[in-house]
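K.L.:
Numbering (this note's numbering), first residue to last: 19 to 152.
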């Protein structure tokens, strides 16, 4: 006989990534099944999301919802292409602990397209073009 018992709806808090006292990393000691209430104890890692700040987790969620399409992330968050790339680099650094690889120069055509679409102004375009030439 299979029981389809469901625990009553309760509010769940986000597991904090860092200790509120010393900022050290944390682990979970107990997990419990929602359906049957069986508990398992041990030292469970919070995984890679615990290495991210709240803002980085939100960015990663949007990035995944957009299936990695940078243009869609730009539109969803209202930020520019270089900002999306910079935030993505921050997430990768937080997850891997390694410095970001040198970012490839922004392509000239993308910068000019953004300028033509009004996403950036002439001064921003000039600065990006100058940076991409380096």
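Cβ atoms here follow ideal geometry from the backbone N, Cα and C, with glycine treated the same way. Bear in mind that the values here come from a model prediction, so they are computed numbers and not experimental data.
Among all the DSSP beta bridges, which residues are the ones paired with residue 83?
P.N.:
Paired residues: none, contrary to the question.
K.L.:
Hey, quick one: how far does the alpha helix (DSSP H) through residue 111 stretch, first residue to last?
P.N.:
From DSSP, the alpha helix (DSSP H) with residue 111 extends over 99-114.
K.L.:
State buried or exposed for residue 36, treating a residue as buried only when at least 16 other CB atoms are found within 10 Å of its CB.
P.N.:
Residue 36 should be labelled exposed.
K.L.:
State buried or exposed for residue 32, treating a residue as buried only when at least 16 other CB atoms are found within 10 Å of its CB.
P.N.:
Exposed.
K.L.:
Whole angstroms is fine: what's the gap from residue 124's alpha carbon to residue 104's?
P.N.:
The predicted model places residue 124 with a pLDDT of 48, which falls under 50 and marks its position as unreliable; any figure quoted below should be read in that light. C-alpha separation (whole angstroms): 12 angstroms.
K.L.:
Give a yes or no on whether the C-beta atoms belonging to residue 45 and residue 58 are separated by under 8 angstroms.
P.N.:
It is not a contact, given that the beta carbons lie outside the stated cut-off.
K.L.:
Which residue comes first and which comes last in the alpha helix (DSSP H) that contains residue 94?
P.N.:
Here the alpha helix (DSSP H) through residue 94 covers 88-95.
K.L.:
Between residue 113 and residue 69, which are expected to be in contact by the criterion C-beta below 8 angstroms, what is the C-beta distance as a whole number of angstroms?
P.N.:
Contact flag correct, Cβ pair sits at about 6 angstroms.
K.L.:
I need the straight-line Cα distance from residue 142 to residue 117, nearest angstrom please.
P.N.:
Roughly 26 angstroms separates the two Cα atoms.
K.L.:
Any idea if residue 78 is buried or exposed, counting beta-carbon neighbours within 10 angstroms, 16 or more meaning buried?
P.N.:
Label assigned to residue 78: buried.
K.L.:
Name the two residues that bound the continuous beta strand (DSSP E) containing residue 59.
P.N.:
Residue 59 -> beta strand (DSSP E) spans 57-62.
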